[in-house]
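For the sequence shown, the working numbering gives the first residue as 3, with consecutive numbering after it.
C-beta atoms are modelled at their ideal positions from N, C-alpha and C, and glycine is treated no differently.
Notes follow once the structure below has been shown.
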Amino acid sequence: MDSQDIELHAALNALRREKMLAKYGRAHLNNLGASYIMPNDTLKRIVDCARARKLTSVANLFRETKWDLATKLGEEVLCVVNRYPQVSRDPLQDTPVNPTDAAAAGPLAAAKRVAAPRKCSACNATGHIRTNKMCP
3 MDSQDIELHA ALNALRREKM LAKYGRAHLN NLGASYIMPN DTLKRIVDCA RARKLTSVAN
63 LFRETKWDLA TKLGEEVLCV VNRYPQVSRD PLQDTPVNPT DAAAAGPLAA AKRVAAPRKC
123 SACNATGHIR TNKMCP
């Protein structure tokens, strides 16, 4: 997470605390926490989707998060998300895990493995196994 993601996370956390306080009061906020309104996993998913620029509507918010309050609080969440413009970057294409291996492997890295031919453990011949009728 970079600084923009952290700022967005803090703003969304403030929004969910505000909504929890307004709807249920201070006692429930202290006892249950703000994750009663928006779970932590949903909050993290919203930040990740905002980074990937997937949140353009309430329908997209619901599709990406499956958050049951997306229809009620979705517009406010999208307003907060739109206040923090994300740098256009793809989270899956930042850097390869091992750059030397990725460059050396090239397009052959995704090639399908070829299975070795079967070998009989009784006669050591190829093309069949010991329980086959072809084995002498």
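- When DSSP states are grouped into helix, strand and coil, residue 133 belongs to the coil group.
- Per DSSP, residue 21 is one residue of the alpha helix (DSSP H) stretching across 5-26.
- DSSP places residue 122 outside any alpha helix (DSSP H), giving it a letter other than H or E.
- For the pair residue 11 and residue 60, the CB atoms are not nearer than the 7 Å cut-off.
- Here DSSP, grouped into helix, strand and coil, assigns residue 128 to strand.
- Your pair residue 19 and residue 36 checks out as a contact, with CB atoms roughly 4 Å apart and the cut at 8 Å.
- Per DSSP, the continuous alpha helix (DSSP H) segment holding residue 48 begins and ends at 42-53.
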